[in-house]
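Below you'll find the structure, written out as structure tokens, and then a few comments.
Protein chains: 4
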Amino acid sequence: MSYEVRSLNEECGVFGIWGHPDASRVTYFGLHSLQHRGQEGAGIVANNNGKLIGYRGLGLLSEVFEDDQQLEKLAGQAAIGHVRYATAGNGSVDNIQPFLFKFYDGDLALAHNGNLTNAKSLRKELEKDGAIFHSNSDTEILMHLIRRSQKETFLDRLKESLNAVKGGFAYLIATEDSMVAALDANGFRPLSIGRMVNGAYVVASETCALEVVGAEFIQDVNPGEIIIINDEGLTVDHFTEDTQHAICSMEYIYFARPDSNIAGVNVHSARKKMGKTLAKESPVDADMVVGVPNSSLSAASGYAEASGIPYEMGLVKNQYVARTFIQPTQELREQGVRMKLSAVSGVVEGKKVIMVDDSIVRGTTSRRIVNLLKEAGAKEVHVRIASPPLRYPCFYGIDIQTRKELIAANHTVDEIRECIEADSLSFLSEDGLIQSIGLNFDAPYSGLCMAYFNGDFPTPLYDYEEQYQASLKEKISFF
Amino acid sequence: MSYEVRSLNEECGVFGIWGHPDASRVTYFGLHSLQHRGQEGAGIVANNNGKLIGYRGLGLLSEVFEDDQQLEKLAGQAAIGHVRYATAGNGSVDNIQPFLFKFYDGDLALAHNGNLTNAKSLRKELEKDGAIFHSNSDTEILMHLIRRSQKETFLDRLKESLNAVKGGFAYLIATEDSMVAALDANGFRPLSIGRMVNGAYVVASETCALEVVGAEFIQDVNPGEIIIINDEGLTVDHFTEDTQHAICSMEYIYFARPDSNIAGVNVHSARKKMGKTLAKESPVDADMVVGVPNSSLSAASGYAEASGIPYEMGLVKNQYVARTFIQPTQELREQGVRMKLSAVSGVVEGKKVIMVDDSIVRGTTSRRIVNLLKEAGAKEVHVRIASPPLRYPCFYGIDIQTRKELIAANHTVDEIRECIEADSLSFLSEDGLIQSIGLNFDAPYSGLCMAYFNGDFPTPLYDYEEQYQASLKEKISFF
Amino acid sequence: MSYEVRSLNEECGVFGIWGHPDASRVTYFGLHSLQHRGQEGAGIVANNNGKLIGYRGLGLLSEVFEDDQQLEKLAGQAAIGHVRYATAGNGSVDNIQPFLFKFYDGDLALAHNGNLTNAKSLRKELEKDGAIFHSNSDTEILMHLIRRSQKETFLDRLKESLNAVKGGFAYLIATEDSMVAALDANGFRPLSIGRMVNGAYVVASETCALEVVGAEFIQDVNPGEIIIINDEGLTVDHFTEDTQHAICSMEYIYFARPDSNIAGVNVHSARKKMGKTLAKESPVDADMVVGVPNSSLSAASGYAEASGIPYEMGLVKNQYVARTFIQPTQELREQGVRMKLSAVSGVVEGKKVIMVDDSIVRGTTSRRIVNLLKEAGAKEVHVRIASPPLRYPCFYGIDIQTRKELIAANHTVDEIRECIEADSLSFLSEDGLIQSIGLNFDAPYSGLCMAYFNGDFPTPLYDYEEQYQASLKEKISFF
Amino acid sequence: MSYEVRSLNEECGVFGIWGHPDASRVTYFGLHSLQHRGQEGAGIVANNNGKLIGYRGLGLLSEVFEDDQQLEKLAGQAAIGHVRYATAGNGSVDNIQPFLFKFYDGDLALAHNGNLTNAKSLRKELEKDGAIFHSNSDTEILMHLIRRSQKETFLDRLKESLNAVKGGFAYLIATEDSMVAALDANGFRPLSIGRMVNGAYVVASETCALEVVGAEFIQDVNPGEIIIINDEGLTVDHFTEDTQHAICSMEYIYFARPDSNIAGVNVHSARKKMGKTLAKESPVDADMVVGVPNSSLSAASGYAEASGIPYEMGLVKNQYVARTFIQPTQELREQGVRMKLSAVSGVVEGKKVIMVDDSIVRGTTSRRIVNLLKEAGAKEVHVRIASPPLRYPCFYGIDIQTRKELIAANHTVDEIRECIEADSLSFLSEDGLIQSIGLNFDAPYSGLCMAYFNGDFPTPLYDYEEQYQASLKEKISFF
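Chains as they are written, first to last, in full-length UniProt numbering: chain A, 1 to 479; chain B, 1 to 479; chain C, 1 to 479; chain D, 1 to 479.
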């Protein structure tokens, strides 16, 4: 995934383990495989015989844990960890998770992937009642609800609190004697459980993290479930029975790692099928198929295979991270773009190219890549997008909450084609997407959340309703 | 290229520009696209109206130039830059190039890609005569020769000195009023010249750097040539006429970026052809073709295309850099390996897999990857290597100077197969390699250096001769 | 003050300013002059037109604000700042102040110098009622009390809360439209107000900070007072009238900077008088007076002046900070000590030396210095301590809360003399101390807290009572 | 010494040890006590059984050796070290010493304190003959001379080379089997030898370094001497017999640490005598004597003792390092000055103050301090300088090489008094200085270099002659 040139980002990945002598080190490996889900900061909280100890910091996991010393200090037989994505400017370590709380009656830690739709009103209510928040993340809310609950047991307090928060959430909680995972009633975010040879339980946002640590996949956490793991083993409970699958389709399209399985469907294979279906829906005569690295390579190879047109490396992404200083001239700014992604003139020169990408947000990136290809000598550039047009915002954990940034919200496919300067443009159909992924839950769209494409939100929007309605009335032109 | 798990590495990339108001910034972009050629350190020397100013440091380019301030100080209309590869442990900034010299009669700077075969004897001779060296790089030697030459002009001194040094070298020199490039008599290392829209001349180790900065390719520097660029324009001279092309075949196979052209041949296309040829030479019945990311993806797609077997993403490389702490247990060490590269069980499970890689050095990496695939459920793993077996060391700029590290130097293909635990193993033939690259210079092997595979060194080995002869007699077993 | 070799340390300094265009920069200067009060961390919160923005970090002020960029961001016409002392190991940035809170109804920030005696019970009570703390500092408590108070105005809530907390405290609070200072009912900690030429008000832990920023001293904050500063000017209010001065005598003896005035008494002059009184109380025949740098130089020069014995530089403290690695041998450990403080053999050789120090805690430092002098050739070393023996712990803001670390708690003066290997030893009398400082408040000991020396605590000890009583019964021997 | 506000600085300190199992750690301690002689950079070269290994870096010793790891690597039974002072802007690690050279016939390292007067012409000559220099320090010259010498033995080559370099120098050289020290023919810079209990020999710029490491003083290195230390013991040789003591008087006045002895004279005692003599030469009626911290405290206490006027702490220097950002307003700049040094109004208010300082360079610092005292309320400020007026530049190792920066070069004492806004001003007489130090070498000025005060340079000035003559003709006004 080329984060530098994209504007869609998800908010976080979580990883937890119970029952391993090197719990924090295993968590480090697991989080590393989830690094694509968040690069703003990372943290680990270890459970050392009932005492929770944590370390967190800004930056990539490898920057936060620069040497082995910090991991050395996080000794313990259980741990939870978190990688965080956040929009630029928020960069305070106060928001980096897991959050660790030291109460007179014990320690608690909390990690969260997702976005609450009633966070603002809950927070205001709590503050009015004397609560003090220390971050601007909505994750803290759950802990305030738990601590203020009048229920007797921790589990009952947790259930009450989980019913109070709305939206998309996958929580991972460390208590002194257990690890608890919980998923929202729609299962927007993926969350899976595995088991290691030594019996340790592992919970992770994606199954790729299970494979990295050598854990065998056991089951996905289902909507509305609470999973309690402790020295007695694993118990499945639930905080609601009013559930319905609505798995974020963008996980399949763009976010998740290709080697992960979500709800039993391999992500690479799903993407390859999207490419194949796209080839059938929108064929075009050309010399080669080129994928936009890295997230579109599966779809591109699918398109190539189905169409019989050769798959070529017409775009190369520099594997090294580049700093992007503010450049004084337009020429230097263009070089800065090519420094990250360049078109291979030795491959595309004089050729008709099918450029396969996974999605279009603003269109600026697509236009840039089309132009890179043309500057490198491509005769024609036919853009094929392996997902339907993005027309609506998301409030369940993806950071586009306004339609202003979505070119397809305001423009026809042909207008977009003109804007990105392509010779032709097609998107995958909604049905094509659903068929390619191939879920079969007894729920709308076979269990996928398609709101991004059709505005059919699976839940009320609460605090966001007003903002959403206003955005529907906005008339924005990208021209 | 997965540097963490490989043991072949090249020594450096160079980039220079003459006649651009932001010369250092353009050099920064150019060097970034050459970062794969060296990660130990980087530096830039700018020419500010005849005064040379430099900055260099250990680490990746983006670490050396952490913010814009250093580039800001390197103002000037010309610049040369360097990225350096070095074996671990040498880590002193004294060896980072370009070397900058301040003489009473003017400034000079020097950057070098390659390896001299008579460095040791030249250095001893010079030291006996009172010379003081300040690095343990062989690059300094040329400057001592130039400064001690009795010839009248700088150019004549340079020519005399270039005739004294032997081996593989691509030099880039900054003087107060010019930029000079020079290539050894065999052209072991690539070196190309481009021109920008504003008229600026650019010299770079690979053409990908020309594309990044928007320069049009003009010509390759030929064996034995000296290119002088100054305000008068570009002049082609030579220090010897006794030349013969022997371009390093490993540049095509492994080192160079796929978007570069070397001697007019696109690297991705050459690799794809190697894969196609390999498919013809060594077919096998299987369900899918999987390339080892990233350097073998072109060859793998070629194999897939030629064989008609689907190309799948059965191996995923983590795009984020991971620190490799020393791990206390075998289990953690294995997780550390999977953290960087993991097999996709959702793709390979129950399948017969053709695993395409570019080369085998010690065999340990290959065995690890074969095992990753098998642990992920692959039924059979057939390894296909898109180059001939590596049997001999290199003395022209690649850091394997002993046969001890080359499994193919001591073992048959079947022994290697056993060692890497593959179900079958084939290498590309020497002829297949030469045909796939398709050079047609009037020289042995059409202009390629094939010494790695057949020991046919295009030059005498000078200081290395003794060591080489000894290595031929060694009997080493990898079992 | 030689922090490296001492074990008494105070907890923090505060500085605030209202009404200055460069409020944060002035705060930086003010805090720098209070750096001796805390080196663990530092922070500044600025008020930018009602919006509070903050920055804090671990380390010295100059390490936290490494370049001008952070101060640049803290624009605003008011600011509060804090330097924190803490015992080793607690090193989390979560405890660094000022604490900044973002509520739905406005921003608040809080900085604190002192120690609460009922913190533990208050915190437990609050947590039972659902409060969540984010640091292990007792400073947060006040904010929870304020936010939970049912009073109508902020001022009334603050007053109620200040009456709930017990012990020693000097608070500095930033609201959106004012800066508020408050001092405990005994005035344990110093807190002074000044005014700048431009009309800006300044509040600081010590008057040296007023002088540094060019502010004229207006008044000390009195016990029980609340000072409200806003665009209307300065208002003096109070939260209790049940007050009685008990200024920490250790501020005069050791903590405060010599150029500060506390309650109108200059610290250097007070120390010099302690030295003079000590000379009268405990004369001894000798060749020279030597002060232990830096905190005892005033007392030593007073002793010299009153006794007529020459004042010499027989001990030199290295002005540069030294890292103290764990040294493998006893010889190296001794060198490590001398690296920081060395005796001047050229001065003391063959002489009878009066060594003046401000206090003795464990006695180990004194013994070390006596031995340094003897190794350098001193014939006799007569130790004179310019304060009475430290026999009791402190609970109002100094970090010795157990008698175990106080040699004088368990041993006679003669036993201590033997322990520190001095030829003679005398302490200043309690009366001598009170007279030398010369306060004249209508309160016990003229307004000084003498509990350190005589156990006469001016307040109940609340949560510490039990621990204190236990400590009285302990029998510890330093031999 | 208040480096931040002064403009006189010396170039370096050296330390070496032979025959100690922790040679580098001992060198670290020794260098730390010489840190006042140079803060730009530091380095250590250890001799590990004949192999020299080194580490150096920019910044204070404690910044260069941030943790124990670097020292750990510098194992060996001998070591030499260096702290370097340099004017701002030169900040390249290339100039940090010791310089370490790896020749085919062995390793050599070199550290240098001083300044050569014929460096420029020697370097040009050497470069014309093919030599390549890698720093802009003049230290490298000696190594080029040694390596080019035709003499047979290392010692003979060294002697020949030492006779070729002119000016002030104290060299410390590490060879594979010995440590060699050499001092110029006038002994401008101090250099002393000590011996540790275990028999190890130590060489250091100042005796304070001997004391720190517990070494007993043996002898000073005399002008023209070469000291060879190896496993056989210590040998005294010489490279010239044409010697005459001319010890830099500024070492006694300002540079050296008060606990050092130079030529058998303790620096603190010499300074105290300067103060006493000054009191006799220039008495004045006043309430107190105040020394400018830290370098003038000895002289001030001498003045107080001789005059019977009380010695008070009227100026306080902040012991913490402050960063000096460029301040946007004059008010902030003044606060920045006071942040480092402040006057104590509680002490000086309403008083007649005698301010004792060691020297006046430009006069700007003196004026600032006089004004600090007056702003703090001093009624009168009488400045007494414990050295004669500085009128001439120095070419032997102190960084004022022009008369432009010396107010006394161009102005009478009364003009200076006016400039610094003092009520009266007196300097110590030249005779008073010589008597106070009390050397008795058979040489002009009893063996002191007085050129700073009277222009009587003990040697020809070589490359500086022209520049010096020109400076004599300059007419600069400080008004």
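Idealized CB from N, CA, C, for every residue including glycine.
These numbers come from a predicted model, not from an experiment.
- Taking 8 Å as the cut-off, the Cβ atoms of residue 400 (chain C) and residue 406 (chain C) count as close.
- Contact between residue 258 (chain B) and residue 316 (chain A) holds, with the beta-carbon distance rounding to 6 Å and staying under 8 Å.
- Counting along the chain, the unbroken beta strand (DSSP E) around residue 192 (chain A) starts and ends at 192 to 195.
- Taking the C-beta atoms as reference points, residue 54 (chain C) is found nearer than 8 Å to residue 43 (chain C).
- Within chain D, the C-beta atoms nearer than 8 Å to that of residue 93 (chain B) come from 93, in chain order.
- The beta carbon of residue 471 (chain A) does not come within 8 Å of any beta carbon belonging to chain B, so the residue lies off that interface.
- Around residue 322 (chain A), the beta-carbon contacts reaching into chain B at under 7 Å are 32, 62.
- Residues of the region 200 to 231 of chain D with a C-beta less than 9 Å from any C-beta of chain C: 207, 208, 211, 212, 213, 214, 217, listed in chain order.
- Taking C-beta separations shorter than 7 Å and ignoring five residues to either side along the sequence, the partners of residue 377 (chain A) in its chain run 345, 348, 349, 350, following chain order.
- Contact between the region 114 to 134 of chain B and the region 136 to 148 of chain D is present, with at least three C-beta pairs closer than 8 Å.
- At least one beta carbon of chain C lies nearer than 8 Å to the beta carbon of residue 347 (chain D).
- The DSSP-derived three-state label of residue 61 (chain B) is helix.
- Considering only beta carbons, the part of the region 325 to 339 of chain B lying closer than 9 Å to chain A consists of 325, 326, 327, 328, 329, 331, 332, 334, 335, 336, 338, 339, in chain order.
- Contacts with chain B (Cβ-Cβ distance below 7 Å) from the region 166 to 197 of chain D involve no residue at all.
- Its chain contains 188, 449 as the residues whose beta carbon lies nearer than 6 Å to that of residue 248 (chain C), once the 5 sequence neighbours on both sides are disregarded; these appear in chain order.
- Interface residue (Cβ-Cβ distance to chain A less than 8 Å): residue 462 (chain C) is not classified as such.
- With a cut-off of 8 Å on Cβ pairs, the region 322 to 334 of chain D is not in contact with the region 200 to 208 of chain C, counting fewer than three such pairs.
- One Cα belongs to residue 211 (chain A), the other to residue 416 (chain B), and the distance between them is close to 28 Å.
- Here the alpha carbon of residue 133 (chain A) sits roughly 10 Å from the alpha carbon of residue 139 (chain A).
- Listed along chain B are 104, each with a C-beta nearer than 9 Å to that of residue 123 (chain D).
- When the alpha-carbon of residue 359 (chain C) is set against those of C:296, C:451, C:174, the nearest one is in C:296.
- For residue 109 (chain A), the pairing in a beta bridge is given by DSSP as A:100, A:174.
- Three or more beta-carbon pairs separated by less than 8 Å are not found between the region 369 to 376 of chain C and the region 296 to 310 of chain C, which leaves the two stretches without contact.
- For residue 27 (chain D), the uninterrupted alpha helix (DSSP H) segment begins and ends at 23 to 32.
- As for any beta strand (DSSP E) of minimum length 3 sitting wholly inside the region 325 to 366 of chain C, the runs are 341 to 343, 352 to 357, ordered along the chain.
- Residue-level contact check: residue 148 (chain D) touches chain B, since one or more beta carbons of chain B fall below 8 Å from its beta carbon.
- Nearest CB-CB separation between residue 112 (chain C) and chain A: not below the 8 Å threshold.
- Among the CB atoms of chain C, none fall inside 8 Å of the CB of residue 37 (chain D).
- In this structure, residue 213 (chain C) and residue 181 (chain C) do not form a Cβ contact; the two beta carbons are roughly 16 Å apart against a cut-off of 8 Å.
- Checking the DSSP bridge columns, you'll see residue 56 (chain C) partnered with C:43.
- Counting along the chain, residue 237 (chain D) sits inside no alpha helix (DSSP H); it lies in the beta strand (DSSP E) bounded by residues 233 to 238.
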